[in-house]
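Worksheet for the structure shown next.
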Amino acid sequence: MYFYAPPFSIIKKENDNFLINDVLGGGFEFNKNHLVNVLEIVGKEENSLNESQKKSAEDFLNIRFLEKTRYKRHDYFDYSKVKERISRNEGDYNDLMNIGSVTFALIKQCPYNCSECYAKEKVRKNKISFFREEDVYKAIEQISKLGANNISISGGEPTASRRSLEKTLKIAEIAESFGIPQRLITTGYGLKRYSEELFSSSIKHYQISLDGLKEYNDKYKDYLGATKRSLEAIEECKKQGKDYSINTVITKNNLKQLDKFVNFLEKSGVNNLRITKVISSNPKISLNIAESRKLKEKIEELKRKSTLKISGSFDNQYIQRKNIDCVAGKLYVHIDCFGGVFPCAFMQDIPLGNIYKENFLDLWSLNNPPLKKFERGIIPNPSCIECKDRYFCFGNCRKEYEIKWNV
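Here it is, written out as structure tokens:
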């Protein structure tokens, strides 16, 4: 048996006390010793603990902070690094002491014009993007201290050009120097061309965007040949034995072809597919409640009958009733091609600061006003709390809720 906790953020308070907020809306207050104890236990197998730790584990089980699970689950951050930081008394009042994942979208160039791209308008308005290696290094060094266990490298398109490739490889190199695993988020545009350099880098996983069959995907990305390039990327990963997955965004327009698409992927030898629901205020492509329910039913059906390992938008076990408290601005942040820091890629209307002007550790604090409102999530409209359709309407996604209620 393993000891496990829902994803949680740690906020430093006064007198060696720490506030712990989890995504179930739970709030706990631990002193320094208790927090160090729990960080030594969470994620560990019961048989690996000494007697003192087992006693502490029972205490945390009793207050329902920890639970026992049969299988080891994903670690949401590097518990040992955060424990060391807390033991050294680092951080100031109201600082967030941990982080799980960061996306570096420091590449502006992209040959595609995808429908509903979250960065499209912003990139068009801003002509110049920057890449200052010393500032990127400093940001990743500070992110490492917060226990980040994943850096995603995206764009733009990381394989769009030689210059984009050089930035991609440099981010991966810096992350590797701090022991942080990396994944590449790509359409596969130039992956075949640059496969030798990419595959000899420290990048551990390749997430390839392919949003449907050719006639849909090429139109959605507004690029004739986009599907061909994605398929070439898949073949390169398979040939070199690289870990990869396919990410597919479902809109009104490709929901009906999901069966055919999955069948096509099976025949192509793909074995790992993530299906995500589009986040958009555009009624021409966003799913209504009935379509969202249909998508969930289809995903469950495909899980039963497909040879692919399929995950999807409705796998979030932390959808709960009283508040909306996703990991955006708590365990996850997005950094764009101008160095801007945001709680999520879809929340670029909430700037937290800029890594080319400020230290990341100063931004990752509730003393940073925009981040303060993410401390305990938000309480949805009273009519949403008990609504049986909440799961299909916005789930636990803060951005989808804001779109739904225009807040």
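Residue numbers (my numbering): 15 to 421. No residue lacks a Cβ here, since even glycine has one placed at the ideal position from N, Cα and C.
Exposed or buried, which one is Q2 when buried takes at least 16 other CB atoms within 10 Å? Since the first residue of the chain shown is 15 and the last is 421, residue 2 is not available in this structure.
Cα-Cα, which of F275, N286, E72 and I24 is closest to D257? Among F275, N286, E72 and I24, the Cα nearest to that of D257 belongs to N286.
Residue interval of the beta strand (DSSP E) (run including R197): Q196 to T200
CA-CA distance, C124 and D339? 32 Å
Okay, do the region 102 to 114 and the region 171 to 190 touch, 3+ Cβ pairs below 8 Å being the bar? no
Does the structure place the region 43 to 60 close enough to the region 141 to 153 that three or more beta carbon pairs sit under 8 Å? no
Taking just the CA atoms, how far does T117 sit from G354? Spanning the alpha carbons of G354 and T117 requires a straight line of approximately 11 Å.
In this structure, what does DSSP give as the bridge partners for V355? I349 and G367
Among the residues of its own chain, which have a CB less than 6 Å from the CB of K46, if the five just before and after it don't count? D30
If N163 and G114 are in contact, beta carbons under 8 Å, what's the gap, nearest whole angstrom? 6 Å
In chain order, what residues of the same chain lie with their CB nearer than 6 Å to the CB of D350, ignoring the 5 residues before and after it? Exclusion of the five residues before and after D350 leaves A119 as the residues of its chain whose Cβ lies within less than 6 Å of its Cβ.
Endpoints, the alpha helix (DSSP H) within which F74 is located: E65 to N76
Exposure of K235, with buried meaning 16 or more beta-carbon neighbours within 10 Å: By the 16-neighbour rule on beta-carbons within 10 angstroms, K235 is buried.
Locate the alpha helix (DSSP H) running through S209, then write down its first and last residues. S209 to F213
Less than 8 Å between the C-beta atoms of K159 and R99, yes or no? yes
Find the nearest neighbour of N302 within the set R288, R318, E280 and L269, judged by alpha-carbon distance. L269
At what residues does the alpha helix (DSSP H) containing Y132 begin and finish? Unbroken run through Y132: none, as it is neither H nor E.
Only counting the same chain, and skipping five residues up and downstream in sequence, which positions put a Cβ closer than 7 Å to that of S320? V276 and E280
Among all the DSSP beta bridges, which residues are the ones paired with F118? I167 and I349
For N420, which option in N267, N296, G255 and L33 has the closest C-alpha, if you only look at C-alpha atoms? N296
Span separating the alpha-carbon of Y16 from that of K82: Computed Cα separation, rounded: 6 Å.
Take every Cβ of the region 400 to 410, pair it with every Cβ of the region 304 to 317, and state whether three or more of those distances are shorter than 8 Å. yes
Can you name the residues that DSSP bridges to I338? Bridge partners of I338: I392.
What whole-angstrom Cβ distance do S327 and K291 have, given they're in contact under 8 Å? 4 Å
Assigned secondary structure, L309 (DSSP; H/G/I helix, E/B strand, else coil): helix
Quick one: what does DSSP say S216 is sitting in, helix, strand or coil? coil
Let me make sure I understand the geometry here. Which of C358, V341, I364 and N337 has the alpha-carbon closest to that of E400? N337
Three-state secondary structure assigned by DSSP to Q156: DSSP places Q156 in the helix class (H, G or I) of the three-state scheme.
Does the region 225 to 240 come close enough to the region 186 to 195 that 3 or more CB-CB pairs lie under 8 Å? Judged by Cβ distances under 8 Å, the region 186 to 195 makes no contact with the region 225 to 240, as fewer than three pairs qualify.
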